[in-house]
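Worksheet: one structure, shown below.
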Amino acid sequence: EDYVAKTFEQIKRREDQVHAFITLREQEKVAKEVKDKAKRSGKLAGILIAIKDNISTTGIRTTCGSRMLENYIPPYNATVIEKLLKEGAVIIGKTNMDEFAMGSTTETSYFGLTRNPWNTERTPGGSSGGSAASISAGYVSLALGSDTGGSIRAPASFNGVYGLKPSYGTVSRFGLIAYANSLEQIGPLASNVERLSLLFSIIAGDDSRDSTTINYYAGEVKEIPIKGVRIGLLKNIMDSSEPEVSSITRKVVDKLASEGAIVEETNLGDVELALPAYYIIAMSEASSNLARFDGVRYGYSEHGDGNWKETFSKNRGEGFGLEVKRRIMLGSFILSAGYYDQYYVKALRARNLIKKNMDSLFSKYDILVSPTMPVLPPKIGEVIDDPIKMYAMDLNTVLANLSAIPAISLPAGFSNGLPVGMQIMGRYLSDTFLIGISSFIEKLT
Ligand code: GLN
């Protein structure tokens with residue numbers, strides 16, 4: 015009872031400012047569930063968790079940060095939710111996010127923005143900004159996010175918490191409202207590595223309802239000593255990141271070297287193709303996925319008179335926000351006859367090239383290190399009206415999504431009182447190895 019009361023007190027204290035939740039469940043209901051579940055067995059018996067609002071939860075509104083789904087209450091749970099509930103976890107609420115996970119600052123949400131608890135003039139990163147902020151504001155120690163091009167790692171970095179984008183296929187996407195299927199994964203955010211590891215081990219594994227999953231057993235992870243681990247420090251990514259951010263990563267890497275890691279500077283080839291490839295593929299998939307929201311099959315349904323064109327246009331026109339519309343239009347253009355080869359097919363080739371270049375680096379190095387984000391948390395309003403500037407923030411993170419590999423963001427230090435994260439990428443399916451390494455680094459920093 016104390017645990018729930020204290021949690022809600024903290025929320026009361028900070029939530030007016032932070033706004034991490036779109037939907038916060040009633041305290042009495044949560045308290046009752048915690049009490050019931052704490053008595054039973056389960057790895058998370060009676061533990062509170064915050065869930066990003068694009069992950070379906072039976073009976074709890076799931077909006078995707080959009081007016082389009084403002085009143086949508088899913089009749090089923092995502093697979094990850096079923097797994098969490100089975101282990102006794104209690105959902106405290108659904109967290110704010112960029113609309114349909116499109117953004118890097120949690121400013122495109124229809125429900126208003128989230129502020130960074132470390133400095134409320136700054137954004138918390140995005141799109142899983144509410145999930146990360148719910149941890150850094152001291153509400154919970156566990157949250158789920160989704161990561162299509164950095165949406166777990168960006169907010170993890172800006173909030174001083176841990177976040178993992180798992181290898182593609184290790185976590186079921188059944189019940190995740192899709193943005194770009196070939197890129198995204200649900201993943202854990204947590205206040206420390208042990209919790210991150212536990213949460214990942216619960217949600218990972220194959221699922222007959224998501225044919226892209228594989229049977230990956232995460233289990234309990236032990237700390238892995240850094241001695242002898244070959245680290246590639248991505249020089250071109252370091253150089254294109256702001257100096258105050260890169261220098262913090264460098265300091266951690268120097269420490270790792272003094273602990274016996276074998277560190278070398280290296281460059282990822284064709285890195286300039288990564289962002290264009292990512293955005294072309296993401297927008298194409300988005301335009302296709304979001305076609306179902308027309309007010310007839312799914313979503314905001316204020317208009318039903320007149321012909322179907324009018325009905326669809328009005329519902330979609332009012333239901334979607336600006337950034338989502340921008341991406342649907344660009345995605346539809348890219349996939350249209352005549353342009354498909356010119357853009358989409360080329361982007362797929364570029365993606366392949368990046369993946370190959372990554373593979374060749376992993377023949378020399380066990381892990382690749384860089385800053386998670388090239389910048390400090392932007393001020394509220396600083397990048398939101400400048401899409402190119404906003405997209406550019408994703409350079410370091412999209413690499414892992416394009417190549418299906420795992421990547422962790424861990425707190426590396428502070429600059430001007432703002433948390434700075436470091437990213438570690440590993441070979442496909444080396445997720446638990448990355449967690450083990452992070453556990454070692456956690457004790458050093
Ligand atoms: N900022 C990137 C985008 O807008 C990544 C978002 C995400 O990972 N969901 O596409």
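Position in the sequence shown (first residue = 1) + 14 = the UniProt record's numbering. Backbone N, C-alpha and C define an ideal beta-carbon position, used for all residues, glycine too.
query	result
Which residue marks the beginning of the alpha helix (DSSP H) containing P257, and which one marks its end?	P257 to S272
Which two residues bound the contiguous alpha helix (DSSP H) that contains R340?	L336 to I348
For the ligand GLN, is there a heavy atom less than 7 Å away from the beta-carbon of A296?	yes
Which residues bound the alpha helix (DSSP H) around D50?	Q41 to A52
Ordered along the chain, which non-local residues of its own chain (more than five positions away) have a Cβ less than 7 Å from that of F447?	I238 and G440
Specify, as a first and last residue, the run of the alpha helix (DSSP H) that D30 falls within.	D16 to V32
For the ligand GLN, any of its heavy atoms closer than 7 Å to the Cβ of Y193?	yes
Could you say which of Q24, I295 and L248 lies nearest to Y354 if we only look at CA atoms?	I295
Would the beta-carbon of T162 be found less than 7 Å away from any heavy atom of the ligand GLN?	yes
Going by DSSP, what residues sit across from G159 in a beta bridge?	G201
Hey, could you find the ends of the beta strand (DSSP E) I438 is sitting in?	L432 to G440
According to DSSP, is K100 part of a helix, a strand, or is it coil?	helix
Is it the case that the Cβ atoms of S160 and I200 are separated by a distance below 8 Å?	yes
Is the Cβ-Cβ distance between L58 and E101 less than 8 Å?	yes
Are the beta-carbon atoms belonging to I449 and L210 less than 8 Å from one another?	yes
How about Y292 and N415: do their beta carbons lie closer than 8 Å?	yes
Kindly examine the ligand GLN and report whether one of its heavy atoms sits closer than 7 Å to the Cβ of S55.	no
Name, in chain order, the residues that DSSP records as bridge partners for A421.	K179 and M439
Starting from S384, trace the beta strand (DSSP E) in both directions and tell me its first and last residue.	I381 to P385
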